[in-house]
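Q: Sending over a structure as structure tokens; questions will come in a sec.
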Amino acid sequence: SQKIEQNSEALNIQEGKTATLTCNYTNYSPAYLQWYRQDPGRGPVFLLLIRENEKEKRKERLKVTFDTTLKQSLFHITASQPADSATYLCALEDSGYALNFGKGTSLLVTP
Amino acid sequence: DVKVTQSSRYLVKRTGEKVFLECVQDMDHENMFWYRQDPGLGLRLIYFSYDVKMKEKGDIPEGYSVSREKKERFSLILESASTNQTSMYLCASSSRRGAYGYTFGSGTRLTVV
Chain A
1401 SQKIEQNSEA LNIQEGKTAT LTCNYTNYSP AYLQWYRQDP GRGPVFLLLI RENEKEKRKE
1461 RLKVTFDTTL KQSLFHITAS QPADSATYLC ALEDSGYALN FGKGTSLLVT P
Chain B
172 DVKVTQSSRY LVKRTGEKVF LECVQDMDHE NMFWYRQDPG LGLRLIYFSY DVKMKEKGDI
232 PEGYSVSREK KERFSLILES ASTNQTSMYL CASSSRRGAY GYTFGSGTRL TVV
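Protein chains in written order, with my numbering: chain A, 1401 to 1511; chain B, 172 to 284.
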């Protein structure tokens, strides 16, 4: 069966450090992978999309890598700030039209 | 600002009631989706629609139906609400195959008592 796995343990880091979140998947052949941010009680917000032929993508302090051989994506936030504290979701599309989401990793950035 | 608007932020309904959750998007997106989110289970797809009057079952369609009579509006219907349908319901829309990301609404926290 298809699975998207994200580290269920919360990630606690100090302000200014780089946060790295992992997304592993099985039984997908995705054309692209997406990352979302979700704050408590709110809907997810789209951050980045990376295509299968892209190894790396950057947007401001965010960087995403995509290794289709390892079936893994890494999501980095550099120079992290307390405002980056949230849950981050990885998402892949199945053979239809809808995204499947991982359960997310909670990030806490402390001053 | 483009947006997806869900009709209610919080809703309390009684067991057995028919419940309508409404979602409207102003981005002229072809695709619309309903998810529910529960602690420890993540986001689960209930139904989606890629065109007016079209609908596809997601992973957990039992106990739900949907309606899409206009491109901008996608309604989720709980035919006979049950306590196990207490959840956060999230509507989303996307253009084409979602190659540009989904836009989510703020969610409806439904409690069935």
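Ideal Cβ placement from N, Cα and C applies to all residues, glycine included.
Check whether the stretch 1487-1507 of chain A and the stretch 1422-1439 of chain A are in contact - that is, three or more C-beta pairs closer than 8 Å.
A: yes
Q: Whose C-beta lies closer than 8 Å to the C-beta of L182 of chain B among residues of the same chain, with five residues either side of it excluded?
A: Translated into the one-based positions of the second sequence, residue 182 of chain B becomes position 11. The answer, listed in chain order, is V190, L192, T279, R280, L281, T282.
Q: Quick one: residues in its chain with C-beta nearer than 8 Å to the C-beta of R267 of chain B, no 5 flanking neighbours on either side, listed in chain order?
A: As a first step, residue 267 of chain B is located in the second sequence; it is residue number 96 there, counting from the start. Only E201, N202 meet the Cβ criterion.
Q: Do you know whose CA, among A:P1511, A:N1424, A:R1451, lies nearest K1503 of chain A's CA?
A: Locating residue 1503 of chain A in the first sequence gives position 103, where the first residue counts as 1. For K1503 of chain A, the nearest C-alpha among the options comes from A:N1424.
Q: Can you grab the Cα-Cα spacing for the pair K241 of chain B / A1479 of chain A, in whole Å?
A: Taking the first residue of the second sequence as 1, we reach residue 241 of chain B at position 70. Taking the first residue of the first sequence as 1, we reach residue 1479 of chain A at position 79. Approximately 45 Å, taken between the alpha carbons.
Q: Where S251 of chain B and K224 of chain B are concerned, what is the direct C-alpha to C-alpha distance, given to the nearest angstrom?
A: Locating residue 251 of chain B in the second sequence gives position 80, where the first residue counts as 1. Locating residue 224 of chain B in the second sequence gives position 53, where the first residue counts as 1. If I take the Cα positions, the gap works out to 22 Å.
Q: Could you tell me whether any Cβ in chain B is nearer than 9 Å to the Cβ of K1503 of chain A?
A: Position 103 of the first sequence holds residue 1503 of chain A. Closer than 9 Å to some Cβ of chain B, the Cβ of K1503 of chain A qualifies, so yes.
Q: Tell me, to the nearest whole angstrom, how far the beta carbon of W205 of chain B is from that of V175 of chain B; I am working on the premise that it is less than 8 Å.
A: On the second sequence, position 34 is the one that residue 205 of chain B refers to. On the second sequence, position 4 is the one that residue 175 of chain B refers to. In this structure W205 of chain B does not touch V175 of chain B by the C-beta definition: roughly 11 Å separates them, more than the 8 Å allowed.
Q: Can you find a CB in chain B that lies within less than 9 Å of the CB of A1491 of chain A?
A: Here residue 1491 of chain A is taken as the residue at index 91 of the first sequence, counted from 1. For A1491 of chain A, the answer is yes, since a Cβ of chain B falls inside 9 Å of its Cβ.
Q: Which ranges does the beta strand (DSSP E) cover as unbroken runs of at least 3 residues, wholly within the stretch 1409-1471 of chain A, from first to last along the chain?
A: 1411-1414, 1419-1426, 1432-1438, 1445-1451, 1456-1459, 1462-1467
Q: Could you check what DSSP says for T1505 of chain A in three-state terms: helix, strand or coil?
A: Translated into positions along the first sequence, residue 1505 of chain A becomes position 105. Three-state DSSP puts T1505 of chain A in a strand.
Q: Quick one: Cα of E233 of chain B to Cα of I1450 of chain A, how far?
A: In the second sequence, the residue the question calls residue 233 of chain B occupies position 62. In the first sequence, the residue the question calls residue 1450 of chain A occupies position 50. Using only the alpha carbons, I get a separation of about 33 Å.
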